[in-house]
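*Asks:* In the working numbering, the protein residues as written are 56 to 343. C-beta atoms are modelled at their ideal positions from N, C-alpha and C, and glycine is treated no differently. My questions all concern the structure below.
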């Protein structure tokens with residue numbers, strides 16, 4: 056009768072079920088046959104789960120959008136938009152055959168990137184032009200300029216219309232502003248380069264931040280259109296500002312975009328190197 060093989064099992068050791076050699080109980084796999092251990096160890100399913108976790112971790116570190124979407128977040132996307140005139144007037148004056156402009160701040164209030172689309176309502180007989188759309192990151196601001204042309208045959212009177220801003224991702228998310236253009240007979244006198252004038256203005260940075268406004272202070276700004284003017288009552292302003300004044304008539308409002316080259320040239324100035332957006336209302340021409 057054949058002798059049965061006797062296996063001495065030392066403490067902390069177990070027998071490999073494949074090659075029958077003694078292996079430390081804490082080992083993941085047998086060092087002799089290199090096969091995965093059964094007793095107290097993981098099987099094929101466990102190995103697959105570990106590999107899946109490792110792959111998911113690598114993807115999260117390298118490109119989280121593959122797991123969580125374009126914004127890298129697991130939160131539900133919510134869309135909203137806001138339009139604001141800030142301190143600019145809602146009612147503008149314009150002459151027959153003339154035009155006026157509005158600077159409107161638009162803010163993407165969504166927690167995701169979005170494209171804001173613009174539309175109008177009730178503009179006839181005025182001709183209103185504006186940006187069709189603006190792509191915006193979450194929380195971004197921008198300035199959109201609304202130009203209103205008044206045909207020469209337009210009857211005198213007030214004309215109300217609306218501008219809408221709508222989320223392309225969620226058309227239910229929208230905002231609007233009500234605007235009015237009063238078509239009037241303006242003076243034939245317009246600003247020339249030797250004039251002294253009084254203006255109201257609102258100022259934004261090109262990235263949409265509202266900066267300041269004479270409307271808030273409740274006083275006009277006295278400006279010399281001529282940079283060589285020596286009358287200290289009428290201040291000299293940045294080139295891009297006074298270059299936008301010639302040709303304006305009393306009561307008109309226009310938007311002037313000032314590039315850095317015609318803005319603040321002193322590197323110590325707070326707005327040095329910035330593109331500035333002014334909405335200017337000509338209150339009076341003071342030159343005799």
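1) Would you call residue 155 buried or exposed, if buried means 16 or more other Cβ atoms sit within 10 Å of its Cβ?
2) My assumption, with CB atoms under 8 Å, is that residue 181 sits in contact with residue 203. Please give the rounded CB distance.
3) According to DSSP, is residue 94 helix, strand or coil?
4) Closest to residue 174 by C-alpha separation, out of 166, 183, 267, would be which residue?
5) Could you tell me the alpha carbon to alpha carbon distance between residue 322 and residue 240, rounded to whole angstroms?
6) Pick from 158, 146, 159, 135: whose alpha carbon is nearest that of residue 166?
7) Going residue by residue through the stretch 267 to 320, where are the continuous beta strand (DSSP E) segments of at least 3 residues, counting only ones entirely within it?
8) Using CA coordinates, which residue listed in 314, 304, 237 is at the minimum distance from residue 295?
9) With H, G and I counted as helix, E and B as strand and the rest as coil, what does DSSP make of residue 247?
10) In whole angstroms, what is the alpha-carbon distance linking residue 342 and residue 252?
11) With a Cβ-Cβ cutoff of 9 Å, do residue 326 and residue 232 count as a contact?
12) Which residue's Cα is closest to the Cα of residue 290: 250, 257, 331?
13) Within the continuous beta strand (DSSP E) that includes residue 145, where are the two ends?
14) Considering only the beta carbon of each residue, do residue 254 and residue 338 sit closer than 9 Å?
15) Under three-state DSSP, which class holds residue 113?
16) As a quick exercise: from 171, 268, 109, pick the residue whose alpha carbon is nearest that of residue 221.
17) Go through its chain and collect everything with a Cβ distance to residue 95's Cβ below 6 Å, but skip five positions before and after it.
18) With DSSP as the reference, please indicate the residues paired to residue 76 in a beta bridge.
19) In the DSSP assignment, find the unbroken beta strand (DSSP E) run with residue 220 in it and report its ends.
20) Does residue 337 come out as helix, strand or coil in the three-state DSSP assignment?
21) Could you tell me which residues DSSP pairs with residue 170 in its beta bridges?
22) If you check the beta carbons only, do residue 270 and residue 143 fall under 9 Å apart?
23) Who does residue 345 pair with in a DSSP beta bridge?
24) Residue range of the beta strand (DSSP E) that residue 238 falls in?
25) If distances are taken between C-alpha atoms only, which option among 196, 147, 226 comes closest to residue 234?
*Replies:* The short version:
1) Under a 10 Å Cβ-count criterion, residue 155 is classified as buried, with 16 or more other Cβ atoms of the shown protein chains found around its own Cβ.
2) About 5 Å; that satisfies the 8 Å criterion.
3) Note on residue 94: pLDDT 45, under 50, position unreliable in the model; the coordinate value appears next. Coil.
4) Cα-wise, what sits closest to residue 174 is 183.
5) Taking the straight line from one Cα to the other gives about 44 Å.
6) The residue with the shortest Cα to Cα distance from residue 166 is 135.
7) Fully enclosed beta strand (DSSP E) runs of 3 or longer: 276 to 279, 308 to 313.
8) With distances taken between CA atoms, residue 295 lies nearest to 314 out of 314, 304, 237.
9) Residue 247: coil per DSSP, three-state reduction.
10) Rounded to whole angstroms, residue 342 to residue 252 spans 7 Å at the Cα level.
11) Their beta carbons are not under 9 Å apart, which means residue 326 does not touch residue 232 by this criterion.
12) For residue 290, the closest C-alpha among the options 250, 257, 331 is that of 250.
13) Secondary structure note for residue 145: it is in no beta strand (DSSP E), with a DSSP letter that is neither H nor E.
14) Contact: yes.
15) Look at residue 113 here: in three-state DSSP terms it is helix.
16) The shortest C-alpha separation from residue 221 is found at 171.
17) Per-residue confidence for residue 95 stands at a pLDDT of 44, beneath the threshold of 50, marking its modelled position as unreliable; no derived number is given.
18) Looking at the DSSP output, residue 76 shares a beta bridge with no other residue.
19) According to the DSSP assignment, residue 220 belongs to the beta strand (DSSP E) that extends over 212 to 222.
20) DSSP, read as helix, strand or coil, puts residue 337 in strand.
21) Beta bridge pairing from DSSP links residue 170 with 190.
22) Using a Cβ distance threshold of 9 Å, residue 270 and residue 143 count as a contacting pair.
23) Any question about residue 345 goes unanswered here, given that the chain covers just 56 to 343.
24) In the DSSP annotation of this structure, the continuous segment of the beta strand (DSSP E) that includes residue 238 starts and ends at 229 to 239.
25) Among 196, 147, 226, the Cα nearest to that of residue 234 is on 147.
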